[in-house]
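> In the UniProt record's numbering, the protein residues as written are 1 to 1056. All C-beta atoms in this analysis are idealised placements derived from N, C-alpha and C, irrespective of residue type, glycine included.
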């Protein structure tokens, strides 16, 4: 395209003053100082940015990922040649600047996204670079600038890490003396001070700052210390995000020091320092951005009578390895291994989980839970029979393990009340104690407080219990809790936006006590455990070849639920509904064979030398499909088909699909159909939440999830969770499919793909993504800052090959966001942190058809939009919300909100401080240019939060119908489901909502749900009682009773 405006234009003036250089959509351009047609001087898929002329003007320093990873580069204009100055992998750089002598380039360097940036010096003739300022570790220095004194460098200094809903100031100006090593602060503004720029004659300092809610440019006379405003308002700064291209775009004085050249409003401006009118430097630029593969797949929604469960959990082999016990759909199964047919062991109507074998292989113990509030441990013959309760005290029991002598079972135990009333994914109180119970049954005795430790297990020694905790490491103790020994700690790679290396989520000691298997994110590692007698060793799996003990990665696609077998010669694990058996002797033999072949210089063909044995475990389950025909009659219908709106309509529903829709009297209504009068109401497709973090209980599951109920009651019939952290969602989604749980259609990406995957090739990317295509069957994946540009490109190529639709993490980084859009990623989560953006970014995003889900409730670049609603409305007393949300959850989110308190960072902000309207204007521009977008509530307030998001999106200028279309058909299309969902049309699945009033007249009517239909079943929107085809009330949930009543004793109200 041809553009005359650009977003975040970092500009620099040539030393002789005849031209400027700037970056636009990843390419560099030069422009005559008076304006005109810009000349592109770099091109291609690489993202080049932040150019700065060298002192002689014949060289340009810039930041680029052209080598696959981001580095500092220099372009020699005369030779048209580029040279990389920096070294290293997976680093991030911004704001290069030349030293006045032209020998060095200073750039701010980060080792990981979100780290405090530190300035490094890179010599133009080579070397690995020299840190300029290293301490304190938490300090960030950005935007190096020189004036007349080459020994003194100006920066913008940030003393701590970024934070959401930031309280200003964030940055101040500072000067670093390269002779003494001292750093001096040179500003103290509430609105921060950043992007220092000095005039060549040393008289002037220009910088950016915030005044009220807007950014402006200040000019300081360095001789007198006086200041004045130079321009206001200008480009909104990036101080409330991580500022990967600095807090404000680069700017530059003219060589005569008479004017500042800066960009704002999408244009380049000349601002005279002596007064006078600013003048625009007009430009046109030809933009030609190569794009990655286009991924736009359709995934039909299956509605066959039966389906195969997607996950087995907690699979453990029998002591002789001939049988396998596991759970599927939260039911206990056993099978002959590897080729047997799974058989359910019990007929209990409870959650069954975490089986463990008796040492003789004749019995299985497991944990059971009922949402009525009772949990126990049970024992059952491995051949089937009647379960025997072995615990006496009702509680919540988890992770039982049978001692090698067969006498005792150890487990975690906590109050049943704590688990029953918990509202999140984990309940620390529900695993208070490590207990021991006689295997024959009886009273449990406390071994020790759990203190975050979990997964008790044994070696061949029956007198020591092994446990693992992320803080404590792999430990063991006696049955009386004494003689605690720490054997091992395991670390992985540090994740983006995190301060510490990833800790193993689990480590299990092998039967011989000399080896362990550990899970780090999605991968499993086997390692030796040395007996040291002192401080336990910490093993890093980031580079197994360099680890302190022998370490080998035993998974390629990933795995979980590790278990030892065959006396420590096998490791078992699962992925989806597949079970794997990894033979350590076979793997060692294969490795020796490869080593021998390499030594003899013979060549081996094919893939890895050894792969584990894989068995698919297929559990067939009935799909919930209603039977019957109904007619919804008399309502207005917003079909989302080409803007169609039908007054006084009829919709015919046959079983779970829409058979016909049209104006009343024009539709063929089958005889015997049940007529449901919805006159005066408005019907539209069910809402699609493309960014729904629902967060039901992990590990030990529950029979119902309040998050599912609340969303469905508010009309959300389809959800996609982009990054579930765990795979529990696979079982929950399948339970919803069976009708055993009530909720929306549950889609997800599964756990995100992070940098900890350590993807080193396209082949490895395919292996990682096969986890999702072949094992989890998620259709979509979340690429969550999974490495440098090259690694992210491998992932998108692998996704194309496997027909997956990946989405991405916005990560408060517009540079990252743009590269992911250029590379072809079909989804983008969260707002662009920088606003406004102009026709370059808008055009690219729209042309790419990347689905932009802004999640305004947690928008970047300013206070979260959810704070606007929490401080202006009263969700705490919303009768419907209280019916579907546990009271403690509402209290936590609504009663007190302050910085870092409550359910997350938040508080009160002046009206003009909120930025969601400006962010919604970006959304409107993208949609107006033909782009795609989705509605994502981010799980901030389950149910009603979706409508807050919807209403926020409309503040940017979209019409009500446009917003509703994003919430339905476009959202379904964004995640590949529009073939069956998103509109009201014959043949589509019967997911729809009946609203009390017309949302086209007032968008706030979207939350007034009279009925919601999901998969052909119609529910009352206030209670979720099923009204068609069955008349069946929803059972009373635990949070709907139990509050203090007026009959309790207490202080009497005044006047009584």
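1) Around the Cβ of residue 47, are there at least 16 other Cβ atoms within 10 angstroms (buried) or fewer (exposed)?
2) Please check the pair residue 558 and residue 768, which I expect to be a contact at CB under 8 Å, by giving their CB distance rounded to whole angstroms.
3) May I ask you to report which of helix, strand or coil DSSP gives residue 849?
4) For residue 477, does the count of other Cβ atoms within 10 angstroms reach 16, so buried, or fall short, so exposed?
5) Taking C-alpha atoms, which residue in 895, 1034, 490 lies nearest to residue 547?
6) Under a CB-based cut-off of 8 Å, is residue 658 close to chain C?
7) Please classify residue 525: is it buried, with 16 or more other beta-carbons within 10 angstroms of its beta-carbon, or exposed?
8) Can you check DSSP and say which residues form a bridge with residue 689?
9) Beta-carbon separation of residue 831 and residue 855 under 8 Å?
10) My guess is that residue 98 and residue 61 are in contact by the Cβ rule of under 8 Å, so how many angstroms apart are they, rounded?
11) Would you tell me roughly how many angstroms separate the C-alpha atoms of residue 22 and residue 262, rounded to the nearest one?
12) So is residue 2 buried or exposed if we call it buried at 16+ other beta carbons inside 10 Å?
13) Could you tell me which residues DSSP pairs with residue 835 in its beta bridges?
14) Can you name the start and end residues of the alpha helix (DSSP H) that residue 917 belongs to?
15) So, using beta-carbon positions, are residue 944 and residue 1007 closer together than 8 Å?
16) Measuring CA to CA, which of 149, 132, 841, 862 is closest to residue 141?
17) Report the three-state DSSP secondary structure of residue 243 (helix, strand or coil).
18) Take residue 295 as the anchor and find which of 992, 975, 991 has the nearest alpha-carbon.
19) First and last residue of the alpha helix (DSSP H) that includes residue 867?
20) If we call anything under 8 Å between Cβ atoms a contact, is residue 675 one with residue 631?
21) Tell me which same chain residues have a C-beta within less than 6 Å of the C-beta of residue 640, skipping the five on either side of it?
22) With a threshold of 8 Å, are at least 3 pairs of Cβ atoms found where one atom belongs to the region 663 to 683 and the other to the region 339 to 352?
23) What is the rounded straight-line gap between the Cα of residue 16 and the Cα of residue 30?
24) Reducing DSSP to helix, strand and coil, say where residue 193 ends up.
25) Determine the direct distance from the alpha carbon of residue 465 to that of residue 1073, and round the result to whole angstroms.
26) Whole angstroms is fine: what's the gap from residue 414's alpha carbon to residue 434's?
27) Would you mind reading off the limits of the alpha helix (DSSP H) that contains residue 678?
28) Going by the CB atoms, is the gap between residue 1037 and residue 704 shorter than 8 Å?
29) Looking at the structure shown, is residue 1037 part of a helix, part of a strand, or coil, going by DSSP?
30) Using 8 Å as the threshold, is the C-beta distance between residue 798 and residue 765 below it?
31) Pull up the CB-CB distance for residue 312 and residue 574, whole angstroms please, since I reckon it's below 8 Å.
32) So, with DSSP's three-state summary, where would you put residue 880?
33) Grab me the residues of residue 281's own chain with a C-beta within less than 8 Å of its C-beta, minus the 5 sequence neighbours each way, in chain order.
34) In this structure, does DSSP put residue 124 in helix, strand or coil?
35) Output the distance between the C-alpha atoms of residue 359 and residue 588, rounded to the nearest integer angstrom.
36) With a cut-off of 8 Å, do at least 3 Cβ pairs link the region 504 to 514 to the region 465 to 474?
Once the coordinates are examined:
1) Looking up residue 47 in the chain shown gives position 47. Flag for residue 47 reads buried.
2) Locating residue 558 in the chain shown gives position 558, where the first residue counts as 1. Locating residue 768 in the chain shown gives position 768, where the first residue counts as 1. With a contact defined as Cβ atoms closer than 8 Å, residue 558 and residue 768 qualify at about 7 Å.
3) Your numbering for residue 849 matches position 849 in the chain shown. Of the three classes helix, strand and coil, the one that applies to residue 849 here is coil, per DSSP.
4) For the purposes of this step, residue 477 is taken as the residue at position 477 of the chain shown. By the neighbour-count rule (16 or more Cβ atoms within 10 Å), residue 477 is buried.
5) The sequence position of residue 547 within the chain shown is 547, counting from 1. Ranking 895, 1034, 490 by Cα distance to residue 547 puts 490 first.
6) Here chain C cannot be found, since the structure has a single protein chain.
7) As a first step, residue 525 must be located in the chain shown, where it is residue number 525. Buried: at least 16 other Cβ atoms inside 10 Å.
8) Reading the chain shown from its first residue, position 689 is the one you call residue 689. Within the DSSP bridge table, the entry for residue 689 names 719 as partners.
9) Taking the first residue of the chain shown as position 1, residue 831 is located at position 831. Taking the first residue of the chain shown as position 1, residue 855 is located at position 855. In contact: residue 831 and residue 855 (Cβ atoms closer than 8 Å).
10) Walking along the chain shown from the start, residue 98 turns up at place 98. Walking along the chain shown from the start, residue 61 turns up at place 61. With a Cβ gap of about 6 Å, residue 98 and residue 61 count as contacting.
11) On the chain shown, position 22 is the one that residue 22 refers to. On the chain shown, position 262 is the one that residue 262 refers to. Approximately 10 Å, taken between the alpha carbons.
12) Numbered from its first residue, the chain shown carries residue 2 at position 2. That one is exposed.
13) Walking along the chain shown from the start, residue 835 turns up at place 835. Residue 835 is bridged by DSSP to nothing; it lacks a bridge partner.
14) Position 917 of the chain shown holds residue 917. Looking at the DSSP string, the run of the alpha helix (DSSP H) that includes residue 917 is 916 to 928.
15) Along the chain shown, one-based indexing puts residue 944 at 944. Along the chain shown, one-based indexing puts residue 1007 at 1007. Taking C-beta atoms as the reference points, residue 944 and residue 1007 count as a pair closer than 8 Å.
16) Translated into positions along the chain shown, residue 141 becomes position 141. By alpha-carbon distance to residue 141, the top candidate from 149, 132, 841, 862 is 132.
17) The residue labelled residue 243 in the question sits at position 243 within the chain shown. In the structure shown, residue 243 sits in coil (DSSP, three-state: anything other than H, G, I, E or B).
18) Numbered from 1 along the chain shown, position 295 holds the residue referred to as residue 295. Of all alpha-carbon atoms in 992, 975, 991, the one lying nearest the alpha-carbon of residue 295 is that of 975.
19) To locate residue 867, count along the chain shown from 1; it is residue 867. In this chain, the alpha helix (DSSP H) harbouring residue 867 covers 865 to 870.
20) Here residue 675 corresponds to residue number 675 of the chain shown, with the count starting at 1. Here residue 631 corresponds to residue number 631 of the chain shown, with the count starting at 1. In contact: residue 675 and residue 631 (Cβ atoms closer than 8 Å).
21) On the chain shown, position 640 is the one that residue 640 refers to. So the list reads 685, 965, 968, 969, 983, once near-sequence residues are dropped.
22) Short answer: they don't touch.
23) Translated into the one-based positions of the chain shown, residue 16 becomes position 16. Translated into the one-based positions of the chain shown, residue 30 becomes position 30. Residue 16 and residue 30: Cα-Cα distance of roughly 14 Å.
24) Indexing the chain shown from 1 puts residue 193 at position 193. If DSSP states are grouped into helix, strand and coil, residue 193 belongs with coil.
25) Residue 1073 lies beyond the residue range present for the chain, which begins at 1 and ends at 1056; the question has no answer from this structure.
26) For the purposes of this step, residue 414 is identified with residue 414 of the chain shown, where counting begins at 1. For the purposes of this step, residue 434 is identified with residue 434 of the chain shown, where counting begins at 1. Their backbone Cα atoms lie some 9 Å apart in a straight line.
27) To locate residue 678, count along the chain shown from 1; it is residue 678. Element bounds for residue 678: n/a, residue is neither H nor E.
28) Taking the chain shown and counting its residues from 1, the one referred to as residue 704 is at position 704. Taking the chain shown and counting its residues from 1, the one referred to as residue 1037 is at position 1037. Yes.
29) Here the question's residue 1037 lines up with position 1037 in the chain shown. Of the three classes helix, strand and coil, the one that applies to residue 1037 here is coil, per DSSP.
30) Here residue 798 corresponds to residue number 798 of the chain shown, with the count starting at 1. Here residue 765 corresponds to residue number 765 of the chain shown, with the count starting at 1. In this structure, residue 765 lies closer than 8 Å to residue 798 by Cβ.
31) Taking the first residue of the chain shown as position 1, residue 312 is located at position 312. Taking the first residue of the chain shown as position 1, residue 574 is located at position 574. Between residue 574 and residue 312 the Cβ distance is about 6 Å, and since that is below 8 Å, they are a contact.
32) Translated into positions along the chain shown, residue 880 becomes position 880. Under the three-state reduction of DSSP, residue 880 is assigned to helix.
33) Residue 281 sits at position 281 when you count from the first residue of the chain shown. For residue 281, where only same-chain residues beyond five positions count, the Cβ hits under 8 Å are 20, 31, 33, 34, 35, 261, 267, 268, 269, 270.
34) For the purposes of this step, residue 124 is taken as the residue at position 124 of the chain shown. The three-state secondary structure of residue 124, taken from DSSP, is coil.
35) Numbered from its first residue, the chain shown carries residue 359 at position 359. Numbered from its first residue, the chain shown carries residue 588 at position 588. About 28 Å.
36) With a cut-off of 8 Å, the region 465 to 474 and the region 504 to 514 count as touching, because enough Cβ pairs lie within range.
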